[in-house]
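S.K.: So the protein lines, in turn, are chains A and B. The numbers in the numbering used here rise by one with no breaks, and the one at position 108 of the first sequence is 110. The numbers in the numbering used here rise by one with no breaks, and the one at position 38 of the second sequence is 64. Backbone N, C-alpha and C define an ideal beta-carbon position, used for all residues, glycine too. Since the model is a prediction, treat every value here as computed from it, not as a measurement.
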Amino acid sequence: MPDVLATVTPAPAGAEPGSVGVVRAQRATFDAPLLLRSAASIAAYELAYETYGTLNASGSNAVLVCHALNASHHVAGVYADDPRNVGWWDNLVGPGKPLDTDRFFVVGVNNLGGCHGSTGPASVNPASGRRWGADFPLVTVEDWVEVQARLADRLGIERFAAAIGGSLGAMQALQWTLSYPDRIRHALVIAAAPKLSAQNIAFNEVARQAITTDPDFHGGHYYEHGVVPRRGLRLARMLGHITYLSDDAMAEKFGRALRTGAIKFNFDVEFEIESYLRHQGDKFSEYFDANTYLRITKALDYFDPAADFGGDLTRALARAKAAFLVVAFTSDWRFSPARSREIVKALIDNRRDVTYAEIEALHGHDAFLMDDPNYHGVLRAYFDNIDIR
Amino acid sequence: MSAAALHLHPRLSGRHDFDAIAQWIPEGAHVLDLGCGDGSLLRFLKQTRRASGYGIEIDEVKLIAGVRNGVNVIHSDLESGLSGFESSSFDYVILSLTLQAVRHTERIVKEMLRVGRESIVSFPNFGFWRHRAQVLGGRMPVSRHLPYHWYDTPNVHLFTIRDFEAFCADHGIRILERVVMNEAGHDIHRLPNLLGALAVYRLDARPR
Chain A
3 MPDVLATVTP APAGAEPGSV GVVRAQRATF DAPLLLRSAA SIAAYELAYE
53 TYGTLNASGS NAVLVCHALN ASHHVAGVYA DDPRNVGWWD NLVGPGKPLD
103 TDRFFVVGVN NLGGCHGSTG PASVNPASGR RWGADFPLVT VEDWVEVQAR
153 LADRLGIERF AAAIGGSLGA MQALQWTLSY PDRIRHALVI AAAPKLSAQN
203 IAFNEVARQA ITTDPDFHGG HYYEHGVVPR RGLRLARMLG HITYLSDDAM
253 AEKFGRALRT GAIKFNFDVE FEIESYLRHQ GDKFSEYFDA NTYLRITKAL
303 DYFDPAADFG GDLTRALARA KAAFLVVAFT SDWRFSPARS REIVKALIDN
353 RRDVTYAEIE ALHGHDAFLM DDPNYHGVLR AYFDNIDIR
Chain B
27 MSAAALHLHP RLSGRHDFDA IAQWIPEGAH VLDLGCGDGS LLRFLKQTRR
77 ASGYGIEIDE VKLIAGVRNG VNVIHSDLES GLSGFESSSF DYVILSLTLQ
127 AVRHTERIVK EMLRVGRESI VSFPNFGFWR HRAQVLGGRM PVSRHLPYHW
177 YDTPNVHLFT IRDFEAFCAD HGIRILERVV MNEAGHDIHR LPNLLGALAV
227 YRLDARPR
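Here's what the structure looks like:
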């Protein structure tokens, strides 16, 4: 078993209380070929990951944090050279936080095909010496779990105490219980769906069309042209943001407020919501890779563990052995509570241990990233009860 | 622990109906506790009877307490039915001190009988002499098992032992066993509707 480096140095004076402090991303290289669900394969790849806390002697306290669409391995803490880049789930993960790094060894990994350090479409394909671009294969939730399992092997983790994720991250936590039922004790499945609805896929398709019809897309080989399909990415992100927020949250945050206080009868930014969406779109198009975006939306569309069982989710989940915490949010219309209840029912039908919380929250799908007291209360209570002896 | 041993220690659980319920639950039974609160009954049944199963609770704060108690809690409103549960999928469905606090009594009892093979219902007996005396004195009763005032009570349908048995007869529900206790948790055999503060029933879920 290779050494597991502690990637965390003590929090600098003045750091947020409960923060894991300054963290460092690590890389792991894998050269055993990976056969993907699509039947394509990748000969070698690299993963970017971070860890917080210490793996105990029996290896029983490891928790995998799976990321959703745009996040990464940077789950908690800050970088020494970029103190404003706070991990995406920092409100959950840290000493004394619900996912307590004084008890647990927490692993965050950038998924294969990503654009935050792991091998993806913007990486160089060793076979051609050029960037993968459109030639990077389509990856699935099952493939990501396979890759995460290989990283776990590398880190000396035989069995995760838990895997947790929201949205697409939740699908990975769920898939873990199916791909490796003996390697995961608890799955925390938050703001999830057992598969996408036609409406969900429709939104994804519009986002993809925005990207692929951008003149700067060049069939996915835009790197070679020195451009980025920024307009497409921007539209995709704007559309996404509409589905992450609830109508009520938008009404509360923006209402019909005008930037300058009066209607101008032109197509510049007039309403605050327009300004917000444009800002989110601009920001996103600066750092996110369009080919990764396309692939992640496809991974969402393809996820459907019941498909091999004639659509019967109860039969599909029969092989899961983990205990589950399923959490949904009342105002989430992207993956509504009814979708989570499908998962809960399938688990109850199989007599699996499952707790279900439907949290009264305003923020829509994005509520899984907030720190609502009852939401974090449930997570804290659940994590506190996970045995790490 | 055997049923007999449980019966000899009526204060084991801290809540009198828990012991009566536990003595009817066979080892390893699969149970559903409707309105499980902080999950203490389920925890008790898990520890003493090695029971498995779930509790249903609507209150977020109580749900968190249930998670802390290490039991499975499903956050749901009983009043909207048990559509997430298959018919006859539980050995026992339990309504412990909950029936008097639900609005759609008939619907919930019907759902309870559908989902369980047998059901257990416990409730505070409104016919208990102390309650009657307080009503005669012109006040709404407050007692060990009815600890609320009229203005802060979650109870919406108070009823007596005779009321419940008439309800069962009218709805074709077969009563298999009954335990009636006084306020101290001791079994009452004479004049149960007058001397009993708490009643616990075991019901057959099969239609008669």
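According to DSSP, simplified to helix, strand and coil, what is L36 (chain A)?
M.R.: In the structure shown, L36 (chain A) sits in a strand (DSSP, three-state: E or B).
S.K.: Indicate whether at least one CB of chain B lies closer than 7 Å to the CB of K255 (chain A).
M.R.: Not one chain B Cβ lies under 7 Å of K255 (chain A).
S.K.: So for R216 (chain B), helix, strand or coil by DSSP?
M.R.: Correct three-state label for R216 (chain B): coil.
S.K.: Figure out for me which residue from A:R258, A:T215, A:I244 and A:A195 has the closest Cα to the Cα of E274 (chain A).
M.R.: Here the closest residue by C-alpha is A:R258.
S.K.: Of all the options B:S66, B:V182 and B:L202, which has the alpha carbon lying nearest to the alpha carbon of V147 (chain B)?
M.R.: It is B:L202 whose Cα lies nearest to the Cα of V147 (chain B).
S.K.: From M166 (chain B) to N181 (chain B), what distance separates their C-alpha atoms?
M.R.: Using only the alpha carbons, I get a separation of about 12 Å.
S.K.: Below 6 Å CB to CB, which residues in the same chain sit around M27 (chain B) once its five sequence neighbours on both sides are set aside?
M.R.: Its pLDDT being 37, under 50, M27 (chain B) is placed unreliably by the model, and the measurement read from it follows with that caveat. Here the set comprises T74.
S.K.: Suppose the cutoff is 7 Å on Cβ atoms and the five residues either side in sequence are ignored; what does the same chain contact list for H42 (chain B) look like?
M.R.: Cβ within range, chain order: P36, M207, G211 and L224.
S.K.: Is the Cβ of G110 (chain B) closer than 7 Å to any Cβ of chain A?
M.R.: Judged by the 7 Å Cβ criterion, G110 (chain B) is in contact with chain A.
S.K.: Take every Cβ of the segment 331 to 339 of chain A, pair it with every Cβ of the segment 157 to 166 of chain A, and state whether three or more of those distances are shorter than 8 Å.
M.R.: Touching, no, given that fewer than three Cβ pairs across the two stretches are closer than 8 Å.
S.K.: Return the first residue and the last residue of the alpha helix (DSSP H) that I47 (chain B) is part of.
M.R.: H42 to W50 is the span of the alpha helix (DSSP H), which, as asked, contains I47 (chain B).
S.K.: Take the Cβ of Y420 (chain A) as the centre, count every other Cβ of all protein chains shown within 10 Å, and call the residue buried at 16 or more, exposed below.
M.R.: What is shown of chain A runs 3 to 391, which leaves residue 420 (chain A) out entirely.
S.K.: Please report the Cβ distance between R297 (chain A) and L140 (chain A), rounded to the nearest whole angstrom; I am assuming they are in contact, meaning their Cβ atoms lie under 8 Å.
M.R.: That belief holds up - the Cβ atoms of R297 (chain A) and L140 (chain A) are roughly 6 Å apart, short of 8 Å.
S.K.: In angstroms, rounded to a whole number, what distance separates the CA positions of I169 (chain B) and D189 (chain B)?
M.R.: Checking the sequence, you will find Ser at residue 169 (chain B) rather than Ile. Computed Cα separation, rounded: 20 Å.
S.K.: Buried or exposed: where does Q150 (chain A) fall if 16 or more other Cβ atoms within 10 Å of its Cβ makes it buried?
M.R.: Looking at its Cβ environment, which holds 16 or more other Cβ atoms inside 10 Å, Q150 (chain A) is buried.
S.K.: Please identify, using Cβ separations under 8 Å, the residues of the segment 373 to 388 of chain A that lie next to chain B, in order along the chain.
M.R.: So the close ones are N376, G379, V380, A383, Y384, D386 and N387.
S.K.: Under 7 Å, Cβ to Cβ, is there at least one residue of chain A near G96 (chain B)?
M.R.: With 7 Å as the cut-off, G96 (chain B) counts as an interface residue toward chain A.
S.K.: How long is the line joining the alpha carbons of D351 (chain A) and A124 (chain A), rounded to whole angstroms?
M.R.: D351 (chain A) and A124 (chain A): Cα-Cα distance of roughly 44 Å.
S.K.: Output, in sequence order along the chain, the residues in the segment 353 to 370 of chain A whose CB is closer than 8 Å to any CB in chain E.
M.R.: You won't find chain E in this structure, because its protein chains are A and B.
S.K.: Would you mind giving the Cβ-Cβ distance between V22 (chain A) and V67 (chain A), rounded to the nearest angstrom? I have them listed as a contact below 8 Å.
M.R.: Not really, about 12 Å apart at Cβ, beyond 8 Å.
S.K.: Determine the closest residue to L101 (chain A) out of A:E144, A:N63, A:T142 and A:H281, with distance taken between C-alpha atoms.
M.R.: L101 (chain A) has its Cα closest to that of A:N63, out of A:E144, A:N63, A:T142 and A:H281.
S.K.: If we cut at 7 Å on Cβ distances, does K197 (chain A) have a partner in chain B?
M.R.: Not one chain B Cβ lies under 7 Å of K197 (chain A).
S.K.: Can you find the residues in the same chain that come closer than 8 Å, C-beta to C-beta, to I361 (chain A), ignoring five residues on each side of it along the sequence?
M.R.: So the list reads V329, A330, F331, T332, A369, D374, N376, Y377 and V380, once near-sequence residues are dropped.
S.K.: Please tell me whether K323 (chain A) has its Cβ less than 7 Å away from any Cβ of chain B.
M.R.: So, not an interface residue.
S.K.: Verify the CB distance criterion: does K347 (chain A) have a CB-CB separation below 7 Å to chain B?
M.R.: Yes, K347 (chain A) counts as interfacial toward chain B.
S.K.: To which residues does DSSP link Y289 (chain A) through a beta bridge?
M.R.: Answer by DSSP bridge pairing: none, since Y289 (chain A) is not bridged.
S.K.: Determine the DSSP secondary structure at P375 (chain A), reduced to helix, strand or coil.
M.R.: If DSSP states are grouped into helix, strand and coil, P375 (chain A) belongs with the helices.
S.K.: Could you give the DSSP three-state label for H243 (chain A): helix, strand or coil?
M.R.: The answer is helix: DSSP assigns H243 (chain A) an H, G or I state.
S.K.: Indicate the three-state DSSP secondary structure (helix, strand or coil) for V87 (chain B) in the structure shown.
M.R.: V87 (chain B) falls in the helix class under three-state DSSP.
S.K.: Counting only beta-carbon separations shorter than 7 Å, does R210 (chain A) have a partner in chain B?
M.R.: By this cut-off, R210 (chain A) is not an interface position.
S.K.: Buried or exposed: E132 (chain B), going by 16 or more other Cβ atoms within 10 Å of its Cβ?
M.R.: The residue is exposed, with fewer than 16 neighbouring Cβ atoms inside 10 Å.
S.K.: Check whether the Cβ atoms of L89 (chain B) and A359 (chain A) lie closer than 7 Å to each other.
M.R.: Yes. Within cutoff.
S.K.: Helix, strand or coil: how does DSSP classify A13 (chain A) here?
M.R.: Low confidence applies here, because A13 (chain A) scores a pLDDT of 47, under 50, leaving its location unreliable; read the following figure in that light. The answer is coil: DSSP assigns A13 (chain A) none of H, G, I, E or B.
S.K.: If you compare alpha carbons, which of B:L162, B:W155, B:G63 and B:R228 is closest to A91 (chain B)?
M.R.: Residue B:G63 is the option with its Cα nearest to A91 (chain B).
S.K.: Going by DSSP in three states, C194 (chain B) sits in which element: helix, strand or coil?
M.R.: Helix at C194 (chain B).
S.K.: When burial is assigned at 16 or more other CB atoms within 10 Å of the CB, is Q126 (chain B) buried or exposed?
M.R.: Its Cβ being crowded by 16 or more others within 10 Å, Q126 (chain B) is buried.
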